[in-house]
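So the sequence shown is residues 35 to 317, counted in our numbering.
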Amino acid sequence: MELTPPGPRGTPPLFARLVDDSALFPPGTAAMPEALRAHYEIRGGEHEGILGLFLCQASRLPELITELIKIKPAKPLPLSLIIDTGLGGVPKAISIVESRTELLALRMVEMPAPSDVDEVWLERVSEFVPEDVIRVVEPRRGVGWLDGVRRVIEHGSWPKIRCGGLSNENFPSVDEVADFLSVISSASGASFKATNSLHRAVRHTTDAGFVHHGFLNLLVASARCLSGKDVREALESTDGPVLAAEASALSEQAAKSVRSMFASYASATFDEPVADLGELGLL
């Protein structure tokens, strides 16, 4: 299923529509007017082919619609709806979006899963979300986490992996990410989405002492996972030029296969991913 139109000619397939806009979410602090203004500036800019969906909480839909009425966009805004109102709030939120199709194009619905990711809950997700909209479900890391990931895939949804946050516990280990990728790649045709703390291309340690995963590490690791090579080495690497060289060497078909698996990730900033890719010679 195609989320948005392909990026303009010249956008490398490995990065086309890779970065979803989560400016409304921590650590982003943008107000709705500011977030939308910046989003539309990117859409009309040099690197708009890298930009994916605009993320908005279900609880802020009225605010989003009010601002879009002022903007009067030429085309509906490609939207990922983040459910922060509980599963029971999904039908109402989708109804609101579908009543304003001149402003909004619902492409994706994302939500956290309950701790046990039970079958009944997943069935309700399938019932509430239209068939032409991608369902993204985030199982909680912990005991039985990967079983939850498998159940999400079996029910036709994309699993989401959270790669960071405000404490060390929010950052999955290299082994956890590698195991997650192994589950995804072993399920034919499965895709996943990533979120949090992936605004930089390459693995690095912040001044606060947090070791952040890099989105380029994840892309290269996904490629290796699909080809049976060393995934953990790719996830652990802090050598940007080496990762960039490996990414550049992927054929167009291999790049598309990687992106079929690692579909997109959410970032509160767009400038940093683009700057990193530019510095690494990937744009």
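All C-beta atoms, glycine included, are put in the ideal place defined by N, C-alpha and C.
Original post:
Under the three-state reduction of DSSP, which class applies to Ile130: helix, strand or coil?
Top reply: If DSSP states are grouped into helix, strand and coil, Ile130 belongs with the helices.
Subject >> Arg266 (DSSP reduced to helix, strand or coil) >> reply: Correct three-state label for Arg266: helix.
Subject >> Terminal residues of the beta strand (DSSP E) in which Phe88 lies >> reply: Counted as a single uninterrupted DSSP element, the beta strand (DSSP E) harbouring Phe88 occupies residues 85-91.
Original post:
What are the start and end residues of each continuous alpha helix (DSSP H) run of 4 or more residues lying completely inside the region 155-221, in chain order?
Top reply: Within the region 155-221, the runs of alpha helix (DSSP H) that reach at least 4 residues and sit entirely inside it are, in chain order, 179-188, 208-220.
Original post:
Are there 16 or more other CB atoms within 10 angstroms of the CB of Thr229, so buried, or fewer, so exposed?
Top reply: By the neighbour-count rule (16 or more Cβ atoms within 10 Å), Thr229 is buried.
Original post:
For Val151, which residues of its own chain have a beta-carbon under 7 angstroms away from its beta-carbon, when the five flanking residues on both sides are left out?
Top reply: The beta carbon of Val151 sits closer than 7 angstroms to those of Pro173, Gly182, Arg185, Val186, all from its chain and outside the five residues before and after it, given in chain order.
**OP:** Measure the alpha-carbon distance for Phe162 versus Pro125 and round it to whole angstroms.
**Re:** In a straight line, the C-alpha of Phe162 is about 6 angstroms away from that of Pro125.
Original post:
Taking the Cβ atom as the reference point for each residue, do Phe296 and Leu252 lie within a distance shorter than 8 angstroms?
Top reply: Contact: yes.
**OP:** Could you tell me whether the region 206-218 touches the region 263-276, where touching means 3 or more Cβ pairs closer than 8 angstroms?
**Re:** Contact between the region 206-218 and the region 263-276 is present, with at least three C-beta pairs closer than 8 angstroms.
Original post:
When burial is assigned at 16 or more other CB atoms within 10 Å of the CB, is Gly274 buried or exposed?
Top reply: Its Cβ being crowded by 16 or more others within 10 Å, Gly274 is buried.
Subject >> Contact the region 52-66 vs the region 82-95: 3+ CB pairs below 8 angstroms >> reply: Because the criterion of three Cβ pairs below 8 angstroms is met, the region 52-66 and the region 82-95 touch.
**OP:** Could you check the C-alpha separation between Lys106 and Ser216 for me, to the nearest Å?
**Re:** Each residue's alpha carbon lies about 44 angstroms from the other.
Subject >> Candidates Ser294, Leu98, His247: closest to Arg71 by CA position >> reply: Check the Cα spacing between Arg71 and each of Ser294, Leu98, His247: the tightest is with Leu98.
Original post:
Mind checking whether Arg258 and Gly248 have CB atoms under 8 angstroms apart?
Top reply: Cβ atoms of Arg258 and Gly248: not closer than 8 angstroms.
**OP:** Please state if the CB of Leu113 and the CB of Trp155 are separated by a distance shorter than 8 angstroms.
**Re:** No.
Original post:
For Ala147 versus Val170, is the C-beta spacing smaller than 8 angstroms?
Top reply: Cβ atoms of Ala147 and Val170: not closer than 8 angstroms.
**OP:** Could you tell me the boundaries of the beta strand (DSSP E) in which Ile116 lies?
**Re:** Unbroken beta strand (DSSP E) run through Ile116: 111-116.
Original post:
With a Cβ-Cβ cutoff of 8 angstroms, do Leu277 and Val245 count as a contact?
Top reply: Result no, Cβ atoms of Leu277 and Val245 do not sit closer than 8 angstroms.
Original post:
Of all Cβ atoms in chain B, is any one closer than 8 angstroms to the Cβ of Val292?
Top reply: The chain labelled as chain B is not found in the depicted structure, where only one protein chain is given.
Original post:
Applying the criterion that 16 or more other CB atoms from any shown protein chain within 10 Å of the CB defines a buried residue, is Val177 buried or exposed?
Top reply: With fewer than 16 Cβ atoms within 10 Å of its Cβ, Val177 is classed as exposed.
Subject >> Rounded distance between the beta-carbons of Ile84 and Thr45, thought under 8 angstroms >> reply: Right, the Cβ-Cβ distance comes to about 6 angstroms (below 8 angstroms), so this counts as a contact.
Subject >> The alpha helix (DSSP H) enclosing Asp310, as first and last residue numbers >> reply: Segment 305-313, the alpha helix (DSSP H) holding Asp310.
**OP:** May I ask which residues mark the beginning and end of the alpha helix (DSSP H) holding Phe249?
**Re:** Here the alpha helix (DSSP H) through Phe249 covers 249-261.
Original post:
In terms of residue numbering, what span does the alpha helix (DSSP H) encompassing Glu144 cover?
Top reply: It is not in any alpha helix (DSSP H) - Glu144 instead sits in the beta strand (DSSP E) that spans 138-146.
**OP:** Can you tell me which of the three DSSP states Ser298 falls into?
**Re:** Three-state result, Ser298: strand.
**OP:** Quick one: give me the first and last residue of the alpha helix (DSSP H) that Thr100 is part of.
**Re:** Here the alpha helix (DSSP H) through Thr100 covers 95-105.
Original post:
Is Ala228 helix, strand or coil when you go by DSSP?
Top reply: The three-state secondary structure of Ala228, taken from DSSP, is strand.
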